[in-house]
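Student: Before I ask anything, let me first share the structure, which is written out below as structure tokens.
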Amino acid sequence: MYSGAEQIITEWIADVAQNGSNNFDDHAEENVFKDLHRAAAHLINATTDDIAAGSSATELLCSLAWAVSPEKDQNVVSTEIVFPSTVYPWQRVANSTGCEIRLAKEKSNFMHTDDIIALIDQHTAVVCISHVEYGNGQTFDLQLLAEAAQDHDALLVVDATQSAGAIPIDIQACPVDALISGAYKWLCGPFGAAFMYVAPHLSEKLEPGLVGFRSHKNMWELDASRIDYPQAAQKFEFSTMAFGCAVGLTRAIDFLNEVGVEKIFQYNRQLADVLIRGLRSRDAVITSPLDDENRSSIVTAYFENIDSKEIITGLK
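Okay, so the sequence shown: first residue is 4 according to the numbering used here, each after it adds one.
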């Protein structure tokens, strides 16, 4: 975690402990996510209205999955090597609606984009993938997948937890329908915070799957008889959370924006090259893609006849 994020979280908690609601009053709570909206929007070249804050990527994806709720005659396309939390929300929805979950199969520890696209048809409601696979570091071409999804009137939902902050993302150049990222990977933020981008055409017609008192446009009206949703993506912000974590994530993203993600991307690639050369010199088997189009800052390898647990123990 970025040290500046740790510092501001500590300061925020100390202020609440010492001053309570004198400083963190109704106005402060209502606007606590505004800076995170700004920072995250700048990170991915979106607008602030299209950003929602949450406690985790899974929480936000669950709300989105229930909002979309693919029906019995529809399907959701993903991969069999995706991080489980990326597909579990859709599987839970499928248990209720009867929609089909289609998982593209890997071949020799590599997921061919053509195999994902081959599963998309006129009944596909959603294509949900990780921008970068957590297991082997493979990066997918979002533009290619977005075009394939659009050709079949399907949504492209992207889990960017393994890429946001390490790989440049431009929502204007690559029209994904929703993009979600947790804070604690390359964003250098704390556990307990995340953000989600929702395209305007999607947010305006969806009803969030998870709701709470923040779901009401005037949150302090506290009217239990109706829900008047806020505009745009903020309708997915529904409850209290560890607000200090959101403040910490904001500080971390501001730092990344200041440094520049393109610069971070190039530097990480140089570090990965050093690691790859070192691993090869020690006869390691590298299982991550190494071509420029599919590689990322994640390098996966193993040593024959050496248990990975022994390596982890030695590194500690």
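A virtual CB, placed ideally from N, CA and C, is assigned to each residue, including glycine.
(1) What residue ranges within the region 107-188 form continuous beta strand (DSSP E) runs of no fewer than 3 residues, ordered along the chain?
(2) Nearest to Ala157 by alpha carbon, out of Tyr232, Ser228, Val80?
(3) Assuming Ser6 is part of the alpha helix (DSSP H), what are its boundary residues?
(4) Pro92 and Ala68: beta carbons closer than 8 Å?
(5) Gly192 and Ala255 - do their beta-carbons sit closer together than 8 Å?
(6) Nearest to Ala42 by alpha carbon, out of Gln153, Thr303, Ser300, Asp257?
(7) Does the structure place the region 43-58 close enough to the region 94-102 that three or more beta carbon pairs sit under 8 Å?
(8) Taking 8 Å as the threshold (C-beta atoms), are Tyr232 and Ser242 in contact?
(9) Closest to Ala49 by C-alpha separation, out of Asn139, His40, Thr316, would be which residue?
(10) Taking the alpha-carbon positions, what's the Thr164 to Ala20 distance?
(11) On the premise that Asp52 lies in contact with Gln234, defined as a C-beta separation below 8 Å, what is that separation, rounded to the nearest angstrom?
(12) Closer than 7 Å to a non-hydrogen atom of the ligand PLP - does that hold for the CB of Val262?
(13) Taking Val277 as the reference, give the member of Arg95, Leu293, Ala149 with the closest Cα.
(14) Give a yes or no on whether the C-beta atoms belonging to Met114 and Gln77 are separated by under 8 Å.
(15) Determine the closest residue to Ile104 out of Ser299, Leu148, Pro73, Asp226, with distance taken between C-alpha atoms.
(16) Look at the Cβ atom of Ala197, then the Cβ atom of Ala60, and state whether they are nearer than 8 Å.
(17) Which of the three DSSP states is assigned to Tyr270 in this structure?
(18) If contacts are defined as beta-carbon pairs under 8 Å, then Ala181 and Ser58 qualify, I think. What distance do you get, rounded to the angstrom?
(19) Tell me which same chain residues have a C-beta within less than 6 Å of the C-beta of Asp162, skipping the five on either side of it?
(20) Could you spell out where the beta strand (DSSP E) holding Thr82 opens and where it closes?
(21) Which same chain residues end up closer than 8 Å to Cys248 when comparing Cβ atoms and leaving out the 5 residues on each side of it in sequence?
(22) Once you ignore the five residues that flank Gln94 on each side, which residues in its own chain have a CB closer than 6 Å to its CB?
(23) Give the straight-line distance between the Cα atoms of Met222 and Leu147, rounded to the nearest whole angstrom.
Tutor: Short version:
(1) 127-133, 158-162, 181-185
(2) Within the sequence shown, residue 157 is the residue found at index 154, counting from 1. The candidate whose alpha carbon is nearest that of Ala157 is Val80.
(3) Looking up residue 6 in the sequence shown gives position 3. Residues 6-22.
(4) If you number the sequence shown from 1, residue 92 lands on position 89. If you number the sequence shown from 1, residue 68 lands on position 65. Yes. Within cutoff.
(5) The count along the sequence shown starts at 1 and reaches residue 255 at position 252. The count along the sequence shown starts at 1 and reaches residue 192 at position 189. Yes, Cβ-Cβ distance for Ala255 and Gly192 is below 8 Å.
(6) As a first step, residue 42 must be located in the sequence shown, where it is residue number 39. Per the Cα distances, Asp257.
(7) no
(8) The residue given as residue 242 occupies position 239 in the sequence shown. The residue given as residue 232 occupies position 229 in the sequence shown. The answer is no: Cβ separation not under 8 Å.
(9) Taking the first residue of the sequence shown as position 1, residue 49 is located at position 46. Measuring from the Cα of Ala49, the nearest candidate turns out to be His40.
(10) Here residue 164 corresponds to residue number 161 of the sequence shown, with the count starting at 1. Here residue 20 corresponds to residue number 17 of the sequence shown, with the count starting at 1. Whole-angstrom Cα-Cα distance: 31 Å.
(11) For the purposes of this step, residue 234 is taken as the residue at position 231 of the sequence shown. For the purposes of this step, residue 52 is taken as the residue at position 49 of the sequence shown. With a Cβ gap of about 6 Å, Gln234 and Asp52 count as contacting.
(12) Among the components of this structure there are no ligands whatsoever, and the ligand PLP is therefore not found.
(13) Here residue 277 refers to the residue found at position 274 of the sequence shown. If we check each option's Cα against that of Val277, Leu293 comes out closest.
(14) As a working mapping, residue 114 is identified with position 111 in the sequence shown. As a working mapping, residue 77 is identified with position 74 in the sequence shown. Going by C-beta atoms, Met114 is not nearer than 8 Å to Gln77.
(15) Within the sequence shown, numbered from 1, the residue matching residue 104 stands at position 101. Looking at the Cα atoms, Pro73 is the closest of the given residues.
(16) Position 194 of the sequence shown, counting from 1, holds the residue named residue 197. Position 57 of the sequence shown, counting from 1, holds the residue named residue 60. Result yes, Cβ atoms of Ala197 and Ala60 sit closer than 8 Å.
(17) Here residue 270 refers to the residue found at position 267 of the sequence shown. Of the three classes helix, strand and coil, the one that applies to Tyr270 here is helix, per DSSP.
(18) As a position in the sequence shown, residue 181 is number 178, starting the count at 1. As a position in the sequence shown, residue 58 is number 55, starting the count at 1. Contact doesn't hold; Cβ gap of about 17 Å is too wide.
(19) Counted from its first residue, the sequence shown places residue 162 at position 159. Closer than 6 Å at the Cβ level, and outside the excluded window around Asp162, lie Thr89, Ser133, Ile183.
(20) Start at 1 with the first residue of the sequence shown, and residue 82 comes out as number 79. Its beta strand (DSSP E) spans residues 78-82.
(21) The residue given as residue 248 occupies position 245 in the sequence shown. For Cys248, where only same-chain residues beyond five positions count, the Cβ hits under 8 Å are Ile12, Ser58, Ala186, Gly192, Pro193, Phe194, Gly195, Ala196.
(22) Here residue 94 is taken as the residue at index 91 of the sequence shown, counted from 1. Once the five neighbours on either side are set aside, the close Cβ partners of Gln94 are Ile104.
(23) Translated into the one-based positions of the sequence shown, residue 222 becomes position 219. Translated into the one-based positions of the sequence shown, residue 147 becomes position 144. Cα to Cα, Met222 sits roughly 40 Å from Leu147.
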